[in-house]
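Asker: The opening position of the sequence shown corresponds to residue 428 in my numbering, with each subsequent residue numbered one higher.
Glycine included, C-beta positions come from ideal geometry on N, C-alpha and C.
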Amino acid sequence: MSAPEPLAQIAAELAACARCDLRIGARHAVPGIGDPHAEIMLIGEAPSSFDDQRGRPFSGPSGTFLDELLAVAGLERAQVYLTNIVKHRVPERREVFPGEAAACAGYLTREIAAVRPILIVALGRAAAARFIPRVRISQMHGQLHPAGTYLVLAMYNPAAGLHRAELRQTIVDDFARALPAALAEARRRATAGQLGVAPPDDDAPQQMSLF
428 MSAPEPLAQI AAELAACARC DLRIGARHAV PGIGDPHAEI MLIGEAPSSF
478 DDQRGRPFSG PSGTFLDELL AVAGLERAQV YLTNIVKHRV PERREVFPGE
528 AAACAGYLTR EIAAVRPILI VALGRAAAAR FIPRVRISQM HGQLHPAGTY
578 LVLAMYNPAA GLHRAELRQT IVDDFARALP AALAEARRRA TAGQLGVAPP
628 DDDAPQQMSL F
């Protein structure tokens with residue numbers, strides 16, 4: 428199947444998903460969107476209240492900020508694929524629980540396998556923990572990490588720049604410098620045949636840490 432077909436199947440399954448309790452009280456499941464053959468997949472943590480209303484990821488203020496950040500990196504939304512670790516809104520702005528991430532893990536694995544990005548940008552600790560053990564975003568943001576057959580760039584979630592003014596310039600700087608550099612390196616390795624797309628083991632424990 429081409430990439431749009433499995434992605435459409437995932438979206439259809441999410442509409443009826445009952446793998447965890449996040450569906451309770453949610454208006455919509457929020458599948459990924461964007462270029463189904465994108466070089467870059469940006470993975471956030473969970474849909475916002477705006478995303479919950481519209482059924483689309485990064486659709487509120489954090490999405491507006493993300494569009495600005497992508498422009499700083501010389502990119503636009505239509506060139507990337509956007510998704511989240513979990514596909515229903517997490518209430519009260521709390522963190523994603525490991526069990527919730529595990530319940531959605533299969534969906535994310537299938538999205539990655541369908542899109543086949545050469546670079547994964549993990550936005551926030553929960554997203555980065557999917558690929559990088561013992562991740563600390565405050566120490567590892569803007570750094571490129573090999574994770575099995577992937578290259579993963581750990582970054583702050585754009586929402587962090589809206590809630591914590593002291594992080595805003597750091598986030599802008601990472602998009603301006605680290606993201607273009609990471610994409611160039613991913614393209615170099617892909618051309619050399621050094622990247623693959625085997626999904627991570629969904630049964631492996633996901634380690635999370637504090638800032």
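1. For Ile-545, which residues of its own chain have a beta-carbon under 6 Å away from its beta-carbon, when the five flanking residues on both sides are left out?
2. Report the partner residues of Pro-573 according to the DSSP bridge assignment.
3. Quick check on the DSSP output: the beta strand (DSSP E) that includes Gly-459 runs from which residue to which?
4. Do Ala-498 and Val-513 have their C-beta atoms closer together than 8 Å?
5. Below 8 Å, how does it come out for the region 527–543 and the region 587–603: are there three or more Cβ pairs, yes or no?
6. Give me the DSSP bridge partner(s) of Val-599.
7. Just to confirm, are Met-469 and Leu-441 a CB contact at a threshold of 8 Å?
8. Report yes if the C-beta distance between Val-542 and His-464 is below 8 Å; otherwise report no.
9. Would you mind reading off the limits of the beta strand (DSSP E) that contains Ala-549?
10. Can we say the region 485–496 touches the region 575–585, given the rule of at least three CB pairs closer than 8 Å?
11. Applying the criterion that 16 or more other CB atoms from any shown protein chain within 10 Å of the CB defines a buried residue, is Ala-555 buried or exposed?
12. According to DSSP, is Ile-437 part of a helix, a strand, or is it coil?
13. In chain order, which beta strand (DSSP E) runs of at least 3 residues are fully inside the region 461–495?
14. Label Ala-553 either buried or exposed according to how many other C-beta atoms from any shown protein chain fall within 10 Å of its C-beta, with 16 as the threshold for buried.
15. Using the Cα positions of Leu-496 and Ala-549, report the straight-line distance between them to the nearest angstrom.
16. DSSP three-state label for Ser-636, please.
Answerer: Let me lay it out:
1. Taking the sequence shown and counting its residues from 1, the one referred to as residue 545 is at position 118. So the qualifying residues of the chain are Glu-466, Ala-613, Ala-617 and Leu-622.
2. Position 146 of the sequence shown, counting from 1, holds the residue named residue 573. Beta-bridge pairing links Pro-573 to Leu-578.
3. Looking up residue 459 in the sequence shown gives position 32. Segment: none, Gly-459 is in no beta strand (DSSP E) and carries neither H nor E.
4. Taking the sequence shown and counting its residues from 1, one reaches residue 498 at position 71. Taking the sequence shown and counting its residues from 1, one reaches residue 513 at position 86. Cβ distance not < 8 Å, so Ala-498 and Val-513 don't count as in contact.
5. no
6. For the purposes of this step, residue 599 is taken as the residue at position 172 of the sequence shown. Its beta-bridge partners do not exist; DSSP assigns none.
7. Here residue 469 corresponds to residue number 42 of the sequence shown, with the count starting at 1. Here residue 441 corresponds to residue number 14 of the sequence shown, with the count starting at 1. In the sequence as displayed, the identity of residue 469 is Leu instead of Met. No, these two residues do not count as a Cβ contact at 8 Å.
8. By 1-based counting over the sequence shown, the position of residue 542 is 115. By 1-based counting over the sequence shown, the position of residue 464 is 37. The Cβ atoms of Val-542 and His-464 lie closer than 8 Å to each other.
9. As a first step, residue 549 must be located in the sequence shown, where it is residue number 122. Counting along the chain, Ala-549 sits inside the beta strand (DSSP E) bounded by residues 546–550.
10. yes
11. The residue given as residue 555 occupies position 128 in the sequence shown. Classification of Ala-555: buried, given that the 10 Å Cβ count is 16 or more.
12. The sequence position of residue 437 within the sequence shown is 10, counting from 1. DSSP places Ile-437 in helix when its eight states are reduced to three.
13. Counting only runs of 3 or more, we get 467–471.
14. Taking the first residue of the sequence shown as position 1, residue 553 is located at position 126. Label assigned to Ala-553: buried.
15. On the sequence shown, residue 496 is found 69 positions in, with the first residue counted as 1. On the sequence shown, residue 549 is found 122 positions in, with the first residue counted as 1. Their backbone Cα atoms lie some 14 Å apart in a straight line.
16. As a position in the sequence shown, residue 636 is number 209, starting the count at 1. Caution is warranted here: a pLDDT of 35 is assigned to Ser-636, below 50, making its placement in the model unreliable, and no coordinate value can be reported.
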